[in-house]
Amino acid sequence: QESTRRLTIKKQTLDDAYAAPA
Amino acid sequence: QEKRLDESLGNVKIQSFHMKCCLDRGKLMEALKHASNMITELRTNQLSPKSYYELYMAVCDQLRHMEMYLLDEFNRGRKLADLYELVQYAGNIIPRLYLLITVGLVYMKTTPGSRRDILKDLVEMCRGVQHPLRGLFLRNYLLQSCRNILPDVTVEEIAGDGDGKEEHSGTIEDSIEFILLNFAEMNKLWVRMQHQGHTRDKDRREKERLELRLLVGTNLVRLSQLESIDIERYKNVVLPGILEQVVSCRDGIAQEYLMECLIQVFPDEFHLTTLQPFLHSCAKLVPSVNVKNIIIALIDRLALSKDIDLPDDLFDIFSSQISNIIQSRPDMILEDIISMEGSLINFTIKKINAESKREESIDSVLQSTLNVIKEKCNKARIQYRTNIGKELLKFLKLPITHGTQDGQTSGIAPIKMSLKLKVFKNLLKDVTDLELQKQITLSLLNSALDSGIEDKIIEENRLTLEEIEIFLSELCEPLVK
Amino acid sequence: FRSGADIDIILDGAENRKLAEIKSEDGKKDRYYLYYDGETVSGKVNITLKKPGTKLDHLGIKVEFIGEIELYADRGNHHEFSSLVKDLARPGDLIQNTSYSFEFVNVEKPYESYTGTNVRLRYFIRVTIVRRLSDIIKEMDIIVHTLASYPEVNSPIKMEVGIEECLHIEFEYNKSKYHLKDVIVGKIYFLLVRIKIKHMEIAIIKKESTGIGQNTFNENETIAKYEIMDGAPVRGESIPLRLFLAGYELTPTMKDINKKFSVRYFLNLVLVDEEERRYFKQQEIILWRKGEKTRKQIQ
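Spelled out as structure tokens, the structure:
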């Protein structure tokens, strides 16, 4: 379990995910 | 490119040789170091996608040796409990994640109870690779590695299973979540490729993106192979998850490919229950997408389906959704609209058995087409010697040659059909030029003449006098002119 | 002037005592017996005459337990913070091989053994045969580890940093205090990305400070560089971080040791852009050594 521990992440919005790099 | 690729392949060969020597001598840690050095070649940014793919395949082949060795060790009882942690000590992210996937796979194969956690961990940790090309291949490695290990059982099956399988060995829900997330991230990277590099390289980039499409599509293929995905799961979880990404990405290449992929990989029954959302999504695709091809692919597929009960209102659903698509895409060219309507006629011909219902449906398609043509062309007539003209000719021939009673394509059946279809005449006369009308008439006449029964027309009473009059006076008029 | 005797120091319970490693000044790894604060240090001193039958006269034999700090810039001065002496023999003659027992009961060992770039803290047992002209001396190092238990308060480090109109990130590390075999679990969330990022890495930096006040000398050493992102993210991306400290040679944080030196650790989050410009944010973390027993109990 130590080896797979992660923090909860904020979900990226779809708009952000597919936006062109700024 | 060739020189760079050869150099990289050479390094892979050397490092993999050392890796295998170390494995033969039982020196796992050293073997892992060589494996890491080998995978480091995949950090390159000097190779085109095609060359990178070759390098990637070479590395994957060698990693399979490592996997086999580790599986052997596990089966012999050697505990490698810390290995999942140890491989994470690697300082560079690319070798680290490839090794993590390889080791994780071995753990999942030998310890089913770890599957859920490791699957989730691997798909999340791959976020660290944001470089489009390297990220795509890494996630492809993840997907391909896990293809035989994805849980394909429901919670109910586990509960009902008497042999005490633990729930955290994973269920179909975990597999769906895993693949959908991997797919979303891969699509994101794939779409992002269009923004890399100079604008002058746009065409080359597009070509490269097309070469890589299969990497993304493989996620959908894998989903379709999961047997526990029933219609409900497909409708409520899988399809919405896919469509959400496809529509949101607003990229023509991705949308066109993925929608066609969806049609191809999932079975007809699934498509039948999800027509509304699927076609609704088609309406939201970007203007550059050739929606016509997607619609036609779907309709044609269902038209060819066997042993499936099609719902009675299927034609109505298609018809209304196509109208919706046409309305929401004012830039759609007329040829494409006609082509789509043509596929609907084709569907009607193949799937609606009741003659009157079939004729009624074809008429409604003809009417919709007529309305669209009038709207788009205003008062101009479609010329025969144009692309639209050719498309329209094909369209008009379809119901009269294939839509006849008992599927007769010759004789006077086409003539009879052309007269039965109330809108056919209007469509022909109102919006086409003389030449196109003539071609239709010629086609009808030749069909009748070719069958060699011209002297039996009246004799067998297959055309009434009234029908002959209408045919000769109205439909043959262009020929006379 | 050659020494007339060999001295061996044998520690009690050596066969059951763990050995620990410590880097020597020349970078090699030495292994010595491991002790903890409060433990009794006892054993035997064996003196073997080089020429049996000959007499070795001396002005006394003693054993010392010493803890000292040596600043390399000031080699002549060794700062002893711990010094215990036991006399083993009064002035006289040694005519045969002799063995003496010694015991330093419940010895205070307040600091951890440390070998750094500019300073060394060591503990050792020194046996001296005092003679008129030159003493015969034998030293035996031991290593001391200082243990701590789980801190009562261990809040995560969470911060938003940025360069206006250019790059804004929010980073989070799950704790501010980590034991030496711990895992740093974190994430970096991108709020604004207007630069072409090539990659992101996290470095563990050790800062050794020696001296006090105006005479403080700082030495930075990058213990680890760990790549956590390859390529350029866009806004809204969350990049996971999982860094295992057990893979690196670290010591506990040492603050103001005997007013002589400090050893502190920092995490340096670095983003590198396509033109090799580096954007970084440094954050101190506290490292501590967890006792083996504690770990096992929790397990």
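Protein chains in written order, with the numbering used here: chain A, 2 to 23; chain B, 529 to 1009; chain C, 292 to 590. Ideal Cβ placement from N, Cα and C applies to all residues, glycine included. Small disclaimer: the values here were computed from a predicted structure and weren't measured.
Quiz item: Leaving out five residues before and five after K904/B in sequence, what residues of the same chain have Cβ atoms less than 7 Å from its Cβ?
Solution: For the purposes of this step, residue 904/B is taken as the residue at position 376 of the second sequence. These residues qualify, in order along the chain: L862.
Self-check item: 6 Å CB neighbourhood of K472/C in its chain, flanking five on each side removed
Solution: As a first step, residue 472/C is located in the third sequence; it is residue number 181 there, counting from the start. Excluding its 5 nearest sequence neighbours in each direction, K472/C has C-beta neighbours in its own chain below 6 Å: A537, listed in chain order.
Quiz item: With 7 Å set as the bound, which would you pick, yes or no: does the beta-carbon of L15/A sit closer than that to a beta-carbon of chain B?
Solution: Looking up residue 15/A in the first sequence gives position 14. Yes, its Cβ sits closer than 7 Å to a Cβ of chain B.
Self-check item: Cβ neighbours of C1004/B in the same chain (closer than 8 Å, five flanking residues each side left out)
Solution: As a working mapping, residue 1004/B is identified with position 476 in the second sequence. Closer than 8 Å at Cβ, skipping near neighbours: T969, L973.
Practice problem: Below 8 Å on the Cβ atoms is my guess for Y323/C versus I433/C; work out the distance and round it to an integer in Å. | Solution: Mapped onto the third sequence, residue 323/C falls at position 32. Mapped onto the third sequence, residue 433/C falls at position 142. Going by Cβ atoms, the distance from Y323/C to I433/C rounds to 5 Å, so yes, they are a contact pair.
Quiz prompt | Proximal residues, the stretch 530-561 of chain C versus chain B, C-beta separation under 7 Å | solution = Those residues of the stretch 530-561 of chain C placed with their C-beta closer than 7 Å to a C-beta in chain B are I530, P531, R533, F535, G538, ordered along the chain.
Quiz item: Which residues bound the alpha helix (DSSP H) around H799/B?
Solution: Translated into the one-based positions of the second sequence, residue 799/B becomes position 271. Residues 796-801.
Quiz item: Within the 7 Å Cβ cut-off, does R485/C reach chain A?
Solution: Mapped onto the third sequence, residue 485/C falls at position 194. Any Cβ of chain A closer than 7 Å to the Cβ of R485/C would place that residue at the interface, and such an atom is present.
Quiz item: The alpha helix (DSSP H) spanning M636/B covers which residue range?
Solution: As a position in the second sequence, residue 636/B is number 108, starting the count at 1. First-last of the alpha helix (DSSP H) with M636/B: 621-638.
Quiz item: Between which two residues does the beta strand (DSSP E) carrying G383/C extend?
Solution: Working through the third sequence from its first residue, we reach residue 383/C at position 92. 383-385 is the extent of the beta strand (DSSP E) around G383/C.
Quiz item: Residues of chain A with CB under 7 Å from G644/C, in chain order?
Solution: Residue 644/C cannot be examined here, being either before or after the span of chain C that is shown, 292 to 590.
Quiz prompt | I548/C, enclosing alpha helix (DSSP H) - first and last residue | solution = Sequence index remark: in the third sequence, residue 548/C carries index 257 (1-based). DSSP places I548/C in no alpha helix (DSSP H) but in the uninterrupted beta strand (DSSP E) bounded by 545-548.
Quiz prompt | Within chain D, partners of K716/B - CB distance below 9 Å | solution = The chain inventory of the structure shown lacks chain D, comprising the protein chains A, B and C.
Quiz item: G407/C: which of I313/C, V376/C, G383/C sits nearest, CA to CA?
Solution: As a first step, residue 407/C must be located in the third sequence, where it is residue number 116. For G407/C, the nearest C-alpha among the options comes from I313/C.
Exercise. Enumerate in chain order the residues of its own chain whose CB-to-CB distance from E1002/B is below 8 Å, with the five nearest sequence positions on each side excluded.
Key: As a first step, residue 1002/B must be located in the second sequence, where it is residue number 474. Cβ contact annotation for E1002/B (same chain, cutoff 8 Å, sequence separation greater than five): K953, K957, in chain order.
Quiz item: N558/B CB to nearest chain C CB: under 7 Å?
Solution: Taking the second sequence and counting its residues from 1, one reaches residue 558/B at position 30. A small correction: the amino acid at residue 558/B is Glu; Asn does not occupy that position in the sequence shown. E558/B does not count as touching chain C.
Quiz item: What residue does the alpha helix (DSSP H) around E734/B start on, and which one ends it?
Solution: Here residue 734/B corresponds to residue number 206 of the second sequence, with the count starting at 1. That run of the alpha helix (DSSP H) goes 730-739.
Quiz item: Would a check of beta-carbon distances place M653/B closer than 7 Å to chain C?
Solution: Looking up residue 653/B in the second sequence gives position 125. It does; some Cβ of chain C falls within 7 Å.
Quiz item: How close, in whole Å, do the beta carbons of L347/C and A296/C come, if the pair is a contact with beta carbons under 8 Å?
Solution: Residue numbering aside, residue 347/C sits at position 56 when the third sequence is read from its first letter. Residue numbering aside, residue 296/C sits at position 5 when the third sequence is read from its first letter. About 6 Å; that satisfies the 8 Å criterion.
Quiz item: Is L1/A helix, strand or coil when you go by DSSP?
Solution: An answer regarding residue 1/A cannot be provided, because it is not within the stretch 2 to 23 covered by chain A.
Quiz item: For chain A, is any of its Cβ atoms less than 7 Å away from the one on C674/B?
Solution: As a working mapping, residue 674/B is identified with position 146 in the second sequence. Under the 7 Å criterion on CB atoms, C674/B is classed as non-interfacial with respect to chain A.
Quiz item: So, do the stretch 586-593 of chain B and the stretch 608-615 of chain B have three or more beta carbon pairs nearer to each other than 8 Å?
Solution: Touching, no.
Exercise. Say whether chain B places a C-beta atom closer than 7 Å to the C-beta of V519/C.
Key: Locating residue 519/C in the third sequence gives position 228, where the first residue counts as 1. The sequence shown places Ile at residue 519/C, not Val. Put simply, the CB of I519/C is near chain B, with a gap under 7 Å to one of its CB atoms.
Exercise. Grab me the residues of I986/B's own chain with a C-beta within less than 7 Å of its C-beta, minus the 5 sequence neighbours each way, in chain order.
Key: Along the second sequence, one-based indexing puts residue 986/B at 458. Because I986/B sits at a pLDDT of 49, beneath the cut-off of 50, its placement in the model cannot be relied upon, and the following sentence gives the value as read from the coordinates. By the criterion of a C-beta distance shorter than 7 Å, I986/B is surrounded by no residue of its chain, once the five residues flanking it on both sides are discounted.
Quiz item: Shorter than 7 Å from the beta carbon of T9/A to some beta carbon of chain B?
Solution: The residue labelled residue 9/A in the question sits at position 8 within the first sequence. At a cut-off of 7 Å between beta-carbon atoms, T9/A makes no contact with chain B.
Self-check item: Contact with chain A by H723/B, beta-carbon distance below 7 Å
Solution: Sequence index remark: in the second sequence, residue 723/B carries index 195 (1-based). With respect to chain A, the C-beta atom of H723/B has a partner C-beta closer than 7 Å.
Quiz item: Residues in its own chain within less than 8 Å of N670/B by CB, not counting five upstream and five downstream?
Solution: Along the second sequence, read from residue 1 onward, the residue named residue 670/B stands at position 142. Note that residue 670/B is Leu in the sequence shown here, rather than Asn. Apart from sequence neighbours up to five positions away, the residues of its chain that approach L670/B with a beta-carbon distance below 8 Å are I629, L650, V651, C654, N710, ordered along the chain.
Quiz item: For Q849/B, which of K834/B, I567/B, I836/B, I822/B has the nearest alpha-carbon?
Solution: Mapped onto the second sequence, residue 849/B falls at position 321. If we check each option's Cα against that of Q849/B, I822/B comes out closest.
Quiz item: Is the CB-CB distance between D303/C and K400/C below 7 Å?
Solution: Residue mapping note: residue 303/C aligns to position 12 of the third sequence, counting from 1. Residue mapping note: residue 400/C aligns to position 109 of the third sequence, counting from 1. Not in contact: D303/C and K400/C (Cβ atoms no closer than 7 Å).
Quiz item: Taking three-plus beta-carbon pairs below 8 Å as touching, is the stretch 789-801 of chain B in contact with the stretch 819-838 of chain B?
Solution: By the criterion of at least three beta-carbon pairs nearer than 8 Å, the stretch 789-801 of chain B is in contact with the stretch 819-838 of chain B.
Self-check item: Coil, strand or helix - H490/C by DSSP
Solution: The sequence position of residue 490/C within the third sequence is 199, counting from 1. Collapsing the DSSP output to three states places H490/C in a strand.
Quiz item: Considering only residues of the same chain and omitting the five flanking positions on each side of F999/B, which have a CB-CB separation below 7 Å?
Solution: As a first step, residue 999/B must be located in the second sequence, where it is residue number 471. Around F999/B: I943, L947.
Quiz item: Under 6 Å from any heavy atom of the ligand ZN, does the C-beta of L771/B make it?
Solution: This structure lacks the ligand ZN; in fact it carries no ligand of any kind.
Quiz item: Is the stretch 347-367 of chain C touching the stretch 384-392 of chain C, taking contact as three or more C-beta pairs under 8 Å?
Solution: The stretch 347-367 of chain C, when compared against the stretch 384-392 of chain C, does touch it at the 8 Å Cβ threshold.
Exercise. Return the residue from the list F846/B, S871/B, I910/B that minimises the CA-CA distance to I824/B.
Key: The residue given as residue 824/B occupies position 296 in the second sequence. Here the closest residue by C-alpha is S871/B.
Quiz item: How about V814/B and G769/B: do their beta carbons lie closer than 7 Å?
Solution: On the second sequence, residue 814/B is found 286 positions in, with the first residue counted as 1. On the second sequence, residue 769/B is found 241 positions in, with the first residue counted as 1. The Cβ atoms of V814/B and G769/B do not sit closer than 7 Å to each other.
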